[in-house]
Amino acid sequence: MHEITEVSSEDIKDSLRQLESTILTTTNISKDLEAEILHLQKLMNRIGQDPKESSSSRDHFADTLIRSQDVIRSVTGTTKEFAETTRHVAHEMTRIATASENIAHTFRDLKSTSSEISRFVTIVQEVASRTKMLALNARLEAERAGEFGRGFSVVADEVKLLSAESRESSESVAGAVGEFANMLDEFEKNLQDQMLSLTEEQKKLSTAGDMAGRVASDIGNMVVAINKMERILSSLEYLGTVENTLEQARISSENLRQHLQRSLELHSRLVQSTLGENSEARPGEFMQELYEAIIHENYHRSIGLVREALATGTSGNDVLGMLANTCERIMYEQKQRRLTLSEIFINGTIIEDILKEVIPAAEQETSERPHKGTIILGNAFGDYHSLGRKMVGVVLKAAGFDVIDLGMSVPNEQFIQAALEHNARLIGISALLLHTAIEVPKLRKQLDSMGHHDIKIMIGGAPFLIDEQLNEKIGADYVARTAAEGVDMANYIFGSTQNAGVQ
Amino acid sequence: MNSLERCVAAVTFKEPDRIPVIPVLLMQGAKELNLPLERYFSRGDNLAEGQMRLVEKYDHDCVFTFPHVVEDVLPFGAGLRYFPDGPPSVDRMCLHKFSDIEAMTVPDPSAHEQLKQTLHATEKLAEKVKGEKLIVGAVIAPFSLPSMLMGTEKYMKLLFSRDGEYERYFPKLMQVCTDYTTRWANLQLEAGADIIVFADGIASNTILRTHEFERLALPVIEKLFSGINGLIGYEFVGEAEEIIHLLQGKGAHVFLLGSGDDMAACRAKTGGSTALLGNINNIKLLRWTPERVEFEVKKLIDQMGTGGGFLVGNQGPEIPWNVPDENIHALVRAVRKYGTVRTAA
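Line order of the protein sequences matches chains A and B. The numbering of the first sequence is this note's numbering, which starts it at 38 and goes up by one. The numbering of the second sequence is this note's numbering, which starts it at 114 and goes up by one.
The following block contains the structure:
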């Protein structure tokens, strides 16, 4: 009996190692998937933000329509005025045509990214199938192990179930991405049609200004042109629907990630119950309890849980990893609704104090502390509003990044020096005052002139919430409207596949 | 109707001849006088002259008596940092630890040179346009003032302290800040201001949850309003829709709303009994074309109507330095074009 148990235990260990490897691979792929969707959303934002591609679109469309409507009213006035305005509309239409071409170009990028996502989804589905097979094998091993394998058998069934859920989620992502691709096709076709029509009307209008005698005909052309422009405006509004679909895809991928997270938790339980590892800390339960303590703003309970975990043998690195997962869950939920600063502040101070307990413990244990990368943070030069910056710093640390916080009113030279000294690829700048954000384009220019195109700038602050297109003027590489977005962006910039330490 | 009559009609829910237009033009006066901002801010004569030139240029319905609300921290000993193209920022706090609150006394606003200049500007403007234009003064609301005396982070730590600091220090802090702001507001009214706008960014629903607003800020606001001897404007400087009804009937005559709030929804929440001022996006004014400004004003007026209880303005704190003059002209022109009451014309 003893011999059989030992053999089974080895087999089970082997299965577990395979399972762990598979789940981790799937988790990493799901992160890639999220990063790609983030990239896709960024491309969508370019349509909404890049002045060349879009402002010449939505805003100028609106402006031109207002002007055109005025033209119709004023057409009954002087012919000269009409001719001038007609030329102006023709000019605007040229701009629109150019903008439309740029949008079409961006759409080609979008389509390429969407294909990439489809590829990832296929991989996820394959891995889900492999997980299912491994679960079946594990079930067989459990049967062989008899009484010893009973607990394992239950868990193996759960893994199988999760594999099905993972597949379902990835199919949901695939469906959403497919729908998105269809929308892109439809939009592109629509855009091309409109551009062709617009070019024809533009030709007619370009000569209209010199033909005062044909006012009636020109009015007709103008009305047709305006109608076409209104349709283009509607097409651009259609982007909103596309964006929503993209968001659904993102949420589906988030669900997938959560399933995988549960798989990992399950795996941990499996290790403990099957291999008899002696630890009071049960990761799934710990994370749930910590999550509840933080969201209920129970400071003492939160700190107490962490201290207890450390005192009963859980390593500082493990606690850090679990804290990162817990924070990720909290931020995901927070992204679904509007938050007040007080809520962010209270959660942030709890997490900050937890980090004060855990980081020293982790540092004492080993040099293999989870490390995703180094980020330099600071307020723009002249800005003395520290709270937002500090909160972003806390969540970035909790997410596994090393954060060098330079404080308030930081000169650009200091940002550069710190980035080079710490080999940081990202500088995060907080600017509550609009006129301090003007330092950012200067910093970008300085970095570029030194050849540091790889050091990216992320900006955040109240003015960027008030106008989502403000960065057109500021020119940061990324805008983080919330602390949670800051973490998303940082994960994206540093690339989830490179964070080998986070396991 | 002249501008003041128009504003009073709108605030008292009588139908004005047209909707009043209140673009918050503060720094722009320096451009008119071709003065650097710091120098412009430092003299009451400059401020008054700048405002007179601005109303001549744009023909809007009000003048502003103050350079920037940040000046309110100066009598406490805080320091300001000036910029060539934006309002100053507090760069030296005066409360470094909570225990400093125990030694706080209420400073005399009229004893500080900068605030004297503001009172002087108020008097000069009252000499020139009292009874014609709405003369607007402003004060940082007492609940929000500490964020500029100790920093927002420290203030949040006090508000949400876990070791009894809130109970120990907050009452004294609010007593000092409320006494000071009440006195400062009434001094401005005595000097000739028609209305005082209280900017209360830390109380807004962007910063506090509704239950926190009710517990922490509302009692302070009620006390403040009860001591003001004139018209009161209350600026949320953040989201208001979920808390605006809680201020209904507490003494404010106008609520100033940000672009993030739905004006019609806020009107519904207040039962249509307090006038609303807003809410053109001041940051977007930087990039919009004049046509787009006109479009946005028209949309707003279509939504709110011309029947009173509504004034068109930008969201706070002010119109940024780099907003083109054409956009300010477009804002005022659009209100004239679409906000004129046909029956009254």
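For glycine and all other residues, C-beta sits at the position ideal for the given N, C-alpha and C. Values in this document were obtained by computation on a predicted structure and should not be read as measured data.
May I ask which residues mark the beginning and end of the alpha helix (DSSP H) holding residue i?
i	result
B/G157	G157 to Y171
B/S116	S116 to V124
B/C379	M376 to T383
B/R131	No alpha helix (DSSP H) contains B/R131, which DSSP labels as neither H nor E.
B/R275	B/R275 -> no alpha helix (DSSP H), and no H or E assigned at all.
A/R338	Y336 to A348
A/V395	L378 to E402
B/D415	P403 to M417
Got a sec, what are the start and stop residues for the beta strand (DSSP E) residue i sits in?
i	result
B/E348	L344 to E348
B/V425	F423 to N427
A/I466	L463 to S467
B/I248	L247 to I253
B/I393	A388 to I393
B/S467	The structure shown does not extend to residue 467 of chain B, since chain B spans only 114 to 458, so no value can be given for it.
A/D442	D439 to D442
B/V67	Outside the displayed span of chain B (114 to 458) sits residue 67 of chain B, for which this structure offers no information.
B/V436	Note, B/V436: premise wrong, no beta strand (DSSP E); not H, not E.
Classify residue i: buried if its beta carbon has 16 or more other beta carbons within 10 angstroms, exposed otherwise.
i	result
A/M487	exposed
A/N362	buried
B/T332	It should be pointed out that residue 332 of chain B corresponds to Pro in this sequence rather than to Thr. So B/P332 ends up on the exposed side.
B/R119	buried
A/K493	buried
B/N115	exposed
B/A224	exposed
A/P500	buried
A/Q401	exposed
A/K427	buried
B/F311	buried
B/G476	The structure shown does not extend to residue 476 of chain B, since chain B is modelled only from 114 to 458, so the question has no answer here.
B/C290	buried
A/E476	buried
B/I132	buried
A/N219	exposed
B/P63	No answer is possible for residue 63 of chain B: the residues shown for chain B start at 114 and end at 458.
B/A447	buried
A/L307	Note that A/L307 scores 49 on pLDDT, short of 50, meaning its location in the model is unreliable; the coordinates nonetheless yield the value given after this. Buried is the call here.
B/N342	exposed
A/F531	buried
Could you pull the DSSP bridge partners for residue i from this structure?
i	result
B/F311	B/V252 and B/Y347
A/M495	A/G465 and A/Y515
B/F93	In this structure chain B extends from 114 to 458, so residue 93 of chain B is not present and cannot be described.
A/N416	A/S467
B/F368	B/Y347 and B/L389
A/R481	DSSP, once it has assigned bridges, lists no residue as partnering A/R481.
B/R194	B/S202
I want to see whether chain C comes within less than 8 Å of residue i, judged by CB atoms only; does it?
i	result
B/P433	This model lacks chain C altogether; the protein chains it does include are A and B.
- Listed in chain order, which residues of the region 269-283 of chain B have Cβ atoms closer than 7 Å to some Cβ of chain A? Those residues of the region 269-283 of chain B that come within reach of chain A (Cβ to Cβ, closer than 7 Å) are M269, F273 and R275.
- Using 8 Å as the Cβ pair cut-off and three pairs as the minimum, do the region 438-452 of chain B and the region 411-425 of chain B touch? Yes: the two stretches touch, three or more of their Cβ pairs being nearer than 8 Å.
- Message: Using a Cβ-Cβ cutoff of 7 Å, what residues of the region 379-400 of chain A are near chain B? List them in chain order.
- Response: Taking 7 Å as the Cβ-Cβ cut-off against chain B, the residues of the region 379-400 of chain A that qualify are S379, E380, F382 and I383.
- Counting pairs of beta carbons, one from the region 470-482 of chain A and one from the region 426-438 of chain A, are three or more of them closer than 8 Å? No, they do not touch.
- Query: Closer than 9 Å, Cβ to any Cβ of chain A: which residues of the region 367-394 of chain B, in chain order?
  - Reply: Listed by position along the chain: G371, S372, G373 and N394.
- Message: Residues of the region 197-217 of chain B in Cβ contact with chain A at a cutoff of 7 Å, in chain order, please.
- Response: Only those residues of the region 197-217 of chain B whose C-beta falls short of 7 Å from the nearest C-beta of chain A are listed: D198, G199, S202, V203 and D204.
- Item | Contacting positions in the region 411-430 of chain A - beta carbon closer than 8 Å to chain B | Within the region 411-430 of chain A, the residues whose Cβ lies closer than 8 Å to some Cβ of chain B are G419, D420, Y421, H422, S423, L424 and K427, listed in chain order.
- Message: So if I threshold CB-CB distances at 8 Å, which residues from the region 248-266 of chain B count as touching chain A?
- Response: Within the region 248-266 of chain B, the qualifying residues are G264, T265 and E266.
- Message: Using 8 Å as the cut-off, can you tell me whether the region 159-179 of chain B makes contact with the region 188-197 of chain B, which would need three or more C-beta pairs spanning the two stretches below that distance?
- Response: Fewer than three Cβ pairs drawn from the region 159-179 of chain B and the region 188-197 of chain B lie within less than 8 Å of each other, which leaves the two stretches out of contact.
- Take every Cβ of the region 339-356 of chain B, pair it with every Cβ of the region 309-326 of chain B, and state whether three or more of those distances are shorter than 8 Å. In the pairwise beta carbon analysis, the region 339-356 of chain B is classified as touching the region 309-326 of chain B: at least three pairs are separated by under 8 Å.
- Message: Using 8 Å as the cut-off, can you tell me whether the region 266-280 of chain B makes contact with the region 364-381 of chain B, which would need three or more C-beta pairs spanning the two stretches below that distance?
- Response: Too few Cβ pairs lie closer than 8 Å, so no.
- Report yes or no: do the region 138-151 of chain B and the region 211-225 of chain B share at least 3 C-beta pairs separated by less than 8 Å? The answer is no - the region 211-225 of chain B does not touch the region 138-151 of chain B, with fewer than three Cβ pairs under 8 Å.
- Going along the chain, which residues of the region 514-525 of chain A sit with their C-beta nearer than 7 Å to a C-beta in chain B? Among the residues of the region 514-525 of chain A, none has a Cβ less than 7 Å away from any Cβ of chain B.
- Contact set between the region 472-487 of chain A and chain B, restricted to residues whose Cβ is under 7 Å from the partner: For the region 472-487 of chain A, the beta-carbon criterion of a distance under 7 Å to any beta-carbon of chain B is satisfied by H472.
- Message: Can you confirm whether the region 457-476 of chain A touches the region 124-140 of chain B when touching is taken to mean that 3 or more C-beta pairs between the two stretches lie within less than 8 Å?
- Response: Short answer: they don't touch.
- Message: Under 7 Å, CB to CB, which of the residues in the region 316-338 of chain B have a partner in chain A?
- Response: Within the region 316-338 of chain B, N318, T319, I320, L321, R322 and E325 place their CB atoms closer than 7 Å to a CB of chain A, listed in sequence order.
- Task: Evaluate the contact criterion for the region 157-164 of chain B versus the region 235-242 of chain B: three or more CB pairs, one atom per stretch, below 8 Å.
- Result: Contact between the region 157-164 of chain B and the region 235-242 of chain B is present: three or more C-beta pairs spanning the two stretches fall below 8 Å.
- Three-pair Cβ contact test at 8 Å for the region 424-432 of chain B versus the region 390-401 of chain B: Segments in contact, yes.
- Contact between the region 439-456 of chain A and the region 506-522 of chain A (3+ Cβ pairs under 8 Å): The answer is no - the region 506-522 of chain A does not touch the region 439-456 of chain A, with fewer than three Cβ pairs under 8 Å.
- Item | Any 3 or more C-beta pairs closer than 8 Å across the region 410-422 of chain A and the region 349-361 of chain A | Output reads no: the region 349-361 of chain A does not touch the region 410-422 of chain A.
- Task: Could you please tell me which residues of the region 394-419 of chain B, in chain order, have their CB closer than 8 Å to any CB of chain A?
- Result: Residues of the region 394-419 of chain B with a C-beta atom less than 8 Å from some C-beta of chain A are N394, N395, I396, K397, L399, R400, W401, T402, E404, R405, E407 and F408, listed in chain order.
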